[in-house]
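Q: With numbering that gives the first Met the number 0 as the guide, the letters of the sequence shown map in order to residues 0 to 364.
Don't be surprised by glycine CBs; every beta carbon is placed ideally from N, CA and C.
Model, not experiment: these values are computed from the prediction.
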Amino acid sequence: MASTIRFLRQYLRPRPGAVQEIEITYRRGEQELPATLYRPARGREPLPAWIVLHGLAYRGRQHPSLERLARAVAASGALVLVPDIPEWRRLRVAPALTAETIRAATHVLRARPDAAEGRTGVLGFSFGATQALVAAADPGLEGAVRGVAAWGGYYDLFNLFRFGIAGEYEIDGVVRHREPDPYGRWIMGANYLTRVPGFGGYGALAHALEELAREAGRRGVSAWDPAYDPLKTRLRAGLPAPQREIFDLFAAPAGCPVPSPDRARELAHELAAAALRADPLLDPAPFLPRAPHRTLLAHGKEDRLVPYTETLRLARAIPAHRCVACTITALFAHSAGAERGLGPHGRAREAARFIGLLRRIVGLI
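1) Excluding the five sequence neighbours on either side, which residues of its own chain have a C-beta within less than 7 Å of the C-beta of residue 207, listed in chain order?
2) What distance in whole Å lies between the Cβ atoms of residue 248 and residue 186, which are believed to be in contact at a cut-off of 8 Å?
3) Taking C-alpha atoms, which residue in 356, 236, 303 and 250 lies nearest to residue 297?
4) What are the uninterrupted segments assigned as beta strand (DSSP E) that are 3 or more residues long and contained completely in the stretch 266-345, given in chain order?
5) Going by the beta-carbon positions, is the gap between residue 179 and residue 312 smaller than 8 Å?
6) Using the C-alpha atoms, what's the distance from residue 82 back to residue 60?
7) Please classify residue 335 as buried or exposed, where buried requires at least 16 neighbouring CB atoms within 10 angstroms.
8) To which residues of the same chain is residue 316 closer than 6 Å at the C-beta, ignoring the five residues directly before and after it?
9) Mapping the DSSP letters down to three states, classify residue 170 as helix, strand or coil.
10) Could you tell me the alpha carbon to alpha carbon distance between residue 148 and residue 121, rounded to whole angstroms?
11) Could you give the first and the last residue of the continuous alpha helix (DSSP H) run that contains residue 241?
12) Give the straight-line distance between the Cα atoms of residue 276 and residue 19, rounded to the nearest whole angstrom.
13) With distances taken from CA atoms, which of 87, 34 and 137 is nearest residue 107?
14) If residue 46 sits next to residue 114, beta carbons under 8 Å apart, how far is it from one beta carbon to the other, in whole angstroms?
15) Is residue 127 near residue 68, with beta carbons less than 8 Å apart?
16) From the DSSP output, in three-state form, read off residue 368 for me.
17) Among 78, 25, 86 and 123, which residue has its Cα nearest to the Cα of residue 294?
18) Give the single residue among 111, 272 and 223 whose Cα lies nearest to the Cα of residue 387.
19) By Cβ distance below 7 Å, which residues in the same chain neighbour residue 73 in space, the five residues on each side in sequence not counted?
20) Of the choices 164, 93 and 214, whose alpha-carbon is the least far from that of residue 133?
21) Pick out the complete alpha helix (DSSP H) segments inside the stretch 82-135, 4 residues or longer, and give them in chain order.
22) Let me check understanding here. Comparing Cα to Cα, which of 199, 130 and 110 lies closest to residue 154?
23) Just how far apart, CA to CA, sit residue 26 and residue 32?
24) Who are the Cβ neighbours of residue 199 in its own chain at under 7 Å, not counting the five residues just before and after it?
25) Output needed for residue 190: all residues of its chain with C-beta closer than 6 Å, excluding positions within five of it in sequence on either side, in chain order.
26) Classify residue 55 as helix, strand or coil using the three-state DSSP reduction.
27) Where residue 71 and residue 259 are concerned, what is the direct C-alpha to C-alpha distance, given to the nearest angstrom?
28) Just to confirm the assignment, what range does the beta strand (DSSP E) spanning residue 33 have?
29) Per DSSP, what kind of secondary structure is residue 19 in: helix, strand or coil?
30) When the Cα atoms are used, what is the spatial distance from residue 352 to residue 65?
31) Helix, strand or coil: which one does DSSP assign to residue 222?
32) Given a cut-off of 8 Å, decide if residue 163 and residue 184 are closer than it, judged by their beta-carbon atoms.
33) Look at the alpha carbon of residue 181 and the alpha carbon of residue 98, and state the distance between them as a whole number of angstroms.
34) Would you identify the three-state DSSP class for residue 260, choosing helix, strand or coil?
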């Protein structure tokens, strides 16, 4: 309980000097790459350690929300190693690098006398969450990782793309609608649109979507903000006429509905199929039965990049005796304003649930 309190104090009201932040390097194959190591200013050594995987984000390990969380985890009494994954920071979907990155990070921790042997966990967010679950089944990591916490991951790429482009998500036959964060579909299109049959020559459109996603990362302003409308107009005007209709499905002006829902669903299916052909590791289903014995799942209910129902699907696919907990919280999400409309009783209820989740994360390793 004391470690949870320290986590909350640092997360809610960061205290200068409570956490040390050290820039180090790690070696992945032939590359020497940067990483950030967070450690508590005080604490009995050796310490448990977390390897934290950032998602497909322009700022990568320097994303303010990730830095805030890493400092809070460190304040709870743990080492936190956040390796830079340059491909993901450049918004390149490269799932095959996950296991290699985790393995390289464990080598760094094993060489540190302040890291407790056999007490290393992986904490992944968004794309990093699902990829952490996939990588944990890699035989090369057997015995190296004690537990995995996956926050905001997905189970089915077809569902993920359908939500990102058409704004629909479903579970148990019930279809729901929600306006998605367009950042996700910009990255989808940038990486895989030219792999869809018939779209091999749509490189200009893929580049335009990549520019939108990069600009959102640079500005740090929500991708659904009208501030991006002038850029959308400029990019659209530079495209060949046949590509503009598809551009409108990905990047309509802020607040406008999907121009053609049927075509959006069709495109989402085509794009997901192309992505899986290119990168089979984007499908976690074959790996989940081999999830670590200590696996924790969490998701923000108001998430507009990945619908929370995807974590419910993950929980169903992981053997029950391996899943420590599956928590859906209204207090945290990728991109939407969580906590809206909860009221005082709802906030109190969700706060208790969130604290319980933090206790399970802190105690996972």
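A: Let's see:
1) The sequence position of residue 207 within the sequence shown is 208, counting from 1. The residues are 234, 238 and 246.
2) Translated into positions along the sequence shown, residue 186 becomes position 187. Translated into positions along the sequence shown, residue 248 becomes position 249. Not a contact, Cβ separation roughly 15 Å.
3) By one-based count along the sequence shown, residue 297 stands at place 298. Nearest C-alpha to residue 297: 356.
4) 294-299 and 322-328
5) In the sequence shown, counting from the first residue as 1, residue 179 sits at position 180. In the sequence shown, counting from the first residue as 1, residue 312 sits at position 313. No, the pair does not count as a contact, with Cβ atoms beyond the cut-off.
6) Here residue 60 refers to the residue found at position 61 of the sequence shown. Here residue 82 refers to the residue found at position 83 of the sequence shown. Roughly 7 Å separates the two Cα atoms.
7) Walking along the sequence shown from the start, residue 335 turns up at place 336. The pLDDT assigned to residue 335 is 45, lower than 50, so where the model puts this residue is not dependable, and the model offers no usable value.
8) What you label residue 316 is simply residue 317 of the sequence shown in a count that begins at 1. The residues are 287.
9) Within the sequence shown, numbered from 1, the residue matching residue 170 stands at position 171. In the structure shown, residue 170 sits in a strand (DSSP, three-state: E or B).
10) Position 149 of the sequence shown, counted from the first residue, corresponds to residue 148. Position 122 of the sequence shown, counted from the first residue, corresponds to residue 121. Distance between the alpha carbons of residue 148 and residue 121 is about 6 Å.
11) Position 242 of the sequence shown, counted from the first residue, corresponds to residue 241. Run containing residue 241: 240-250, per the alpha helix (DSSP H) assignment.
12) For the purposes of this step, residue 276 is taken as residue 277 along the sequence shown, with counting starting at 1. For the purposes of this step, residue 19 is taken as residue 20 along the sequence shown, with counting starting at 1. Spanning the two alpha carbons is a distance of roughly 43 Å.
13) Position 108 of the sequence shown, counting from 1, holds the residue named residue 107. Nearest option by C-alpha distance: 34.
14) As a first step, residue 46 is located in the sequence shown; it is residue number 47 there, counting from the start. As a first step, residue 114 is located in the sequence shown; it is residue number 115 there, counting from the start. The Cβ separation is near 6 Å, so the contact holds.
15) Walking along the sequence shown from the start, residue 127 turns up at place 128. Walking along the sequence shown from the start, residue 68 turns up at place 69. No, the Cβ-Cβ distance between residue 127 and residue 68 is not below 8 Å.
16) Given a span of 0 to 364 for the chain in the structure shown, any question on residue 368 remains unanswerable.
17) Indexing the sequence shown from 1 puts residue 294 at position 295. If we check each option's Cα against that of residue 294, 123 comes out closest.
18) Because the chain in this structure spans residues 0 to 364, residue 387 falls outside the shown range and cannot be described.
19) Taking the first residue of the sequence shown as position 1, residue 73 is located at position 74. So the qualifying residues of the chain are 18, 37, 38, 39 and 79.
20) By one-based count along the sequence shown, residue 133 stands at place 134. Among 164, 93 and 214, the Cα nearest to that of residue 133 is on 93.
21) 85-88, 96-109 and 126-135
22) In the sequence shown, counting from the first residue as 1, residue 154 sits at position 155. Among 199, 130 and 110, the Cα nearest to that of residue 154 is on 130.
23) Within the sequence shown, numbered from 1, the residue matching residue 26 stands at position 27. Within the sequence shown, numbered from 1, the residue matching residue 32 stands at position 33. Straight-line Cα distance between these residues: approximately 6 Å.
24) Taking the sequence shown and counting its residues from 1, one reaches residue 199 at position 200. Answer for residue 199: 193, listed in chain order.
25) Reading the sequence shown from its first residue, position 191 is the one you call residue 190. If we look at residue 190 and ignore the five residues flanking it on each side, its Cβ neighbours are 92.
26) By one-based count along the sequence shown, residue 55 stands at place 56. Reduced to three states, the DSSP call for residue 55 is coil.
27) Translated into the one-based positions of the sequence shown, residue 71 becomes position 72. Translated into the one-based positions of the sequence shown, residue 259 becomes position 260. Whole-angstrom Cα-Cα distance: 44 Å.
28) In the sequence shown, the residue the question calls residue 33 occupies position 34. Run containing residue 33: 30-39, per the beta strand (DSSP E) assignment.
29) Within the sequence shown, the letter at position 20 stands for residue 19. In this structure, residue 19 counts as strand in the three-state DSSP scheme.
30) As a first step, residue 352 must be located in the sequence shown, where it is residue number 353. As a first step, residue 65 must be located in the sequence shown, where it is residue number 66. When rounded, the distance between both Cα atoms is 21 Å.
31) Numbered from its first residue, the sequence shown carries residue 222 at position 223. Coil at residue 222, not helix or strand.
32) Walking along the sequence shown from the start, residue 184 turns up at place 185. Walking along the sequence shown from the start, residue 163 turns up at place 164. Yes, these two residues count as a Cβ contact at 8 Å.
33) Position 182 of the sequence shown, counted from the first residue, corresponds to residue 181. Position 99 of the sequence shown, counted from the first residue, corresponds to residue 98. Each residue's Cα considered, the two are about 28 Å apart.
34) If you number the sequence shown from 1, residue 260 lands on position 261. In the structure shown, residue 260 sits in a helix (DSSP, three-state: H, G or I).
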